[in-house]
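Q: Residue numbers (this note's numbering): 540 to 777.
Sharing a structure, written as structure tokens. Questions coming.
Set out below in structure tokens:
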């Protein structure tokens, strides 16, 4: 296989390694390692981390294809779905696997890997981005992940949900909250959704528990106590 033809085949993949080149060429490891060395030196491919290379420059293509299984969530996912115009300071990638490197930088973008329990690994979809498959959190799961891992303050979640309420699938959000089995998540989102006009207390009200939860974990725990949801409203929702 000629060089340009081989590179054309590799371009179909967001990330590839020595094994993929061996499969395509039918050659041994020594030969393919020499190819990789020459391509790197010539600027034809970019090294992401050990034995992981790409011909692409878009970090979104790379992010969810570095570790299997994984998906992109939090700020990056919310921006991808058009729920915010704010540029993410990092691309957060949720995975059930452990990684030695929990953070890497590629193309000027910081990629942060968050290990999650298998029971929390859901609510994402396979999409095609620039002709390549990527895995992205659904908007509702991106909101939940952002709060669960405290990557976005709840005050900002309030703004995002309020500005995009008509595009948020409340039934799906409630279903995912129940699936998470996390009282703090259920109380925070239940109170917010009710303030936005959704009738969710019948479903989420069973998960509020007996202790108060501060609404915004990034702010002082000062505010009105809402007995109906067992939250301390330190945001001042109206």
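Cβ coordinates follow ideal geometry from the N, Cα and C atoms, glycine included.
1) In whole angstroms, give me the CA-to-CA distance for residue 682 and residue 696.
2) Taking the alpha carbon of residue 731 as the reference point, which residue from 776, 569 and 631 has its own alpha carbon closest?
3) Between the Cα of residue 622 and those of 576, 578, 678 and 636, spot the shortest distance and give me the residue it belongs to.
4) Taking contact to mean 3 or more Cβ pairs, one atom from each stretch, closer than 8 Å, check whether the segment 602-609 and the segment 556-569 are in contact.
5) At what residue ranges does the segment 666-714 contain a whole run of the alpha helix (DSSP H), taking only runs of 4 or more?
6) In terms of alpha-carbon separation, which member of 662, 563 and 770 lies closest to residue 749?
7) Rounded to whole angstroms, what's the CA-CA distance from residue 751 to residue 598? Just pull it up for me.
8) Rounded to a whole number of angstroms, what is the C-alpha to C-alpha distance between residue 689 and residue 666?
9) For residue 600, which residues in the same chain have their Cβ closer than 7 Å to its Cβ, ignoring the five residues on either side in sequence?
10) Can you have a look at residue 650 and say buried or exposed, based on whether 16 or more other CB atoms are within 10 angstroms of its CB?
11) Let's see if you can read the secondary structure: which residues bound the beta strand (DSSP E) around residue 738?
12) Residue 643 and residue 506 - do their beta-carbons sit closer together than 8 Å?
13) How would you label residue 570, buried or exposed, when you count the other beta carbons within 10 angstroms and need 16 or more for buried?
14) So for residue 588, helix, strand or coil by DSSP?
15) On the DSSP letters alone, give me the boundaries of the beta strand (DSSP E) that residue 570 sits inside.
16) Assign residue 641 to one of three DSSP states: helix, strand, or coil.
17) What residue ranges within the segment 588-663 form continuous alpha helix (DSSP H) runs of no fewer than 4 residues, ordered along the chain?
18) Between the alpha carbons of residue 753 and residue 562, how many angstroms are there, rounded?
19) Could you tell me which residues DSSP puts in a beta bridge with residue 770?
20) Measuring only the C-alpha atoms, how far is residue 756 from residue 691?
21) Buried or exposed for residue 576, please, with buried defined as at least 16 other CB atoms from any protein chain shown within 10 angstroms of its CB.
22) Taking Cβ positions only, does residue 744 come closer than 8 Å to chain D?
23) Whole angstroms are fine: how far does the CA of residue 638 sit from the CA of residue 591?
24) What's the C-alpha gap between residue 574 and residue 582?
25) Among all the DSSP beta bridges, which residues are the ones paired with residue 555?
A: Reading it off the structure:
1) Translated into the one-based positions of the chain shown, residue 682 becomes position 143. Translated into the one-based positions of the chain shown, residue 696 becomes position 157. Taking the straight line joining both Cα atoms gives about 7 Å.
2) Along the chain shown, one-based indexing puts residue 731 at 192. Closest in C-alpha terms to residue 731, from the list 776, 569 and 631, comes 776.
3) The count along the chain shown starts at 1 and reaches residue 622 at position 83. Comparing Cα positions, the closest option is 678.
4) No, because fewer than three Cβ pairs between the segment 602-609 and the segment 556-569 fall closer than 8 Å, the two stretches do not touch.
5) Whole alpha helix (DSSP H) segments, 4+ residues: 678-687 and 693-702.
6) Position 210 of the chain shown, counting from 1, holds the residue named residue 749. Out of 662, 563 and 770, 770 has the C-alpha closest to the C-alpha of residue 749.
7) Within the chain shown, numbered from 1, the residue matching residue 751 stands at position 212. Within the chain shown, numbered from 1, the residue matching residue 598 stands at position 59. Near 40 Å, if we compare the C-alpha coordinates of residue 598 and residue 751.
8) As a working note, residue 689 is residue 150 in the chain shown. As a working note, residue 666 is residue 127 in the chain shown. So the two alpha carbons sit approximately 26 Å from each other.
9) What you label residue 600 is simply residue 61 of the chain shown in a count that begins at 1. Within the same chain, residue 600 has close Cβ partners 553, 668, 669, 671 and 673.
10) Residue numbering aside, residue 650 sits at position 111 when the chain shown is read from its first letter. That one is buried.
11) Stepping through the chain shown from its first residue, residue 738 is reached at position 199. Where residue 738 is concerned, there is no enclosing beta strand (DSSP E), given that its DSSP letter is neither H nor E.
12) Any question about residue 506 goes unanswered here, given that the chain covers just 540 to 777.
13) Start at 1 with the first residue of the chain shown, and residue 570 comes out as number 31. Classification of residue 570: exposed, given that the 10 Å Cβ count is below 16.
14) As a first step, residue 588 is located in the chain shown; it is residue number 49 there, counting from the start. DSSP, reduced to helix, strand and coil, places residue 588 within a strand of the structure shown.
15) In the chain shown, residue 570 corresponds to position 31, counting from 1. Not the beta strand (DSSP E): residue 570 falls in the alpha helix (DSSP H), residues 568-580.
16) Numbered from its first residue, the chain shown carries residue 641 at position 102. Coil at residue 641, not helix or strand.
17) You should have 598-602 and 613-619.
18) For the purposes of this step, residue 753 is taken as residue 214 along the chain shown, with counting starting at 1. For the purposes of this step, residue 562 is taken as residue 23 along the chain shown, with counting starting at 1. Taking the straight line from one Cα to the other gives about 54 Å.
19) In the chain shown, counting from the first residue as 1, residue 770 sits at position 231. According to DSSP, residue 770 bridges with 752 and 765.
20) Taking the chain shown and counting its residues from 1, the one referred to as residue 756 is at position 217. Taking the chain shown and counting its residues from 1, the one referred to as residue 691 is at position 152. When rounded, the distance between both Cα atoms is 10 Å.
21) One-based indexing of the chain shown puts residue 576 at position 37. Label assigned to residue 576: exposed.
22) The chain inventory of the structure shown lacks chain D, comprising one protein chain alone.
23) Position 52 of the chain shown, counting from 1, holds the residue named residue 591. Position 99 of the chain shown, counting from 1, holds the residue named residue 638. Between the C-alpha atoms of residue 591 and residue 638 there is a straight-line separation of about 14 Å.
24) Here the question's residue 574 lines up with position 35 in the chain shown. Here the question's residue 582 lines up with position 43 in the chain shown. Approximately 12 Å, taken between the alpha carbons.
25) Indexing the chain shown from 1 puts residue 555 at position 16. As computed with DSSP, residue 555 is found in a beta bridge with 592.
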